[in-house]
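full-length UniProt numbering numbers the first residue of the sequence shown as 1 and each following residue consecutively.
Glycine is no exception: its CB is placed at the ideal position from the N, C-alpha and C atoms.
Remember, predicted model here, so these are calculated numbers, not experimental data.
Working notes, beginning with the structure itself.
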Amino acid sequence: MVIKKLSDSGQLFTIEGLTAAIIMLVSAYIVLGSGMILTPGDVHISDMQLKQLGNDALLMMDTKDTYNGVVPLASIIQNASPGMGSVKNQQAESEFKTQFENYLSMNTGSAFLVDSLKFNSTIYYMDGDSLTQIPFAESENEYGEKEGDNPGRSPAIRCGRYVGTEWMSSDTIVRLEVLIWRD
């Protein structure tokens with residue numbers, strides 16, 4: 001009977017193998033747990049959601065509440081007509097701002113919605129052969145100052161709606177465009 005003596009020659013390879021396995025596991029944990037990496041293809045998703053939110057808000061405002069009721073957006077735009085006077089124009093601006101901000105801030109209640117959306121709106125119409133634009137309602141900051149024209153903020157999303165209404169004493173179609181951005 002031959003008894004073989006155990007040697008330490010295989011121990012080095014075992015330690016190297018265990019060390020390599022630990023390094024690989026730690027590396028995989030760091031890579032997978034380091035957060036989401038945004039690629040250029042993913043960045044547009046929040047812009048699409050913002051555009052859809054703006055279009056939905058305008059659609060809700062352009063829908064009758066009752067069968068024989070009036071369309072709120074058409075009524076607001078009609079009161080914003082230059083021939084209606086400054087009091088009606090201010091009322092229309094205030095009513096649009098209130099309703100539009102209300103629709104923008106609605107949520108399902110399942111998540112907290114950060115109220116950081118700002119907007120600026122413009123009405124476009126044809127006056128004879130020329131396209132005319134008039135500034136309309138815009139959001140205000142916490143000090144009650146109007147936000148302005150979104151200079152330097154990016155990205156801003158433009159959504160719009162054609163509205164059939166009485167404009168400057170004749171039935172016509174005007175375009176309401178709203179520029180929305182996150183502050």
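Review point. Between which two residues does the beta strand (DSSP E) carrying A57 extend?
Key: Position 57 of the sequence shown, counting from 1, holds the residue named residue 57. DSSP places A57 outside any beta strand (DSSP E); the residue lies instead in the alpha helix (DSSP H), whose first and last residues are 44-61.
Point to revise | Sequence-distant residues of the same chain with beta carbon closer than 8 Å to D47, five excluded per side | key: Against the sequence shown, residue 47 aligns to sequence position 47. Hits under 8 Å: P155, I157.
Point to revise | Nonlocal neighbours in the same chain, by C-beta distance under 7 Å from K88, ignoring five residues either side | key: Here the question's residue 88 lines up with position 88 in the sequence shown. Contacts found: N79.
Practice item. Rounded to whole angstroms, what's the CA-CA distance from M102 to A57? Just pull it up for me. Key: Here residue 102 refers to the residue found at position 102 of the sequence shown. Here residue 57 refers to the residue found at position 57 of the sequence shown. Reading off the sequence, residue 102 comes out as Asn, not Met. If I take the Cα positions, the gap works out to 9 Å.
Check your understanding: For A74, which residues from the same chain have a beta carbon less than 8 Å from its beta carbon, with the 5 sequence-adjacent residues on both sides left out?
Key -> Walking along the sequence shown from the start, residue 74 turns up at place 74. Hits under 8 Å: D62, V163, G164, T165.
**Study point:** Residue from S169, I180, C159 with nearest C-alpha to L55
**Key:** On the sequence shown, residue 55 is found 55 positions in, with the first residue counted as 1. In the sequence on display, residue 55 carries Asn and not Leu. Considering only alpha carbons, the answer is C159.
Review point. Alpha carbon to alpha carbon, how far is A137 from G35?
Key: Walking along the sequence shown from the start, residue 137 turns up at place 137. Walking along the sequence shown from the start, residue 35 turns up at place 35. Annotation: A137 to G35 spans about 39 Å, alpha carbon to alpha carbon.
Practice item. Spatial neighbours of F96 within its chain, please: CB distance less than 6 Å, with the 5 preceding and 5 following residues excluded, ordered by chain position. Key: Numbered from 1 along the sequence shown, position 96 holds the residue referred to as residue 96. Around F96: I76, A137.
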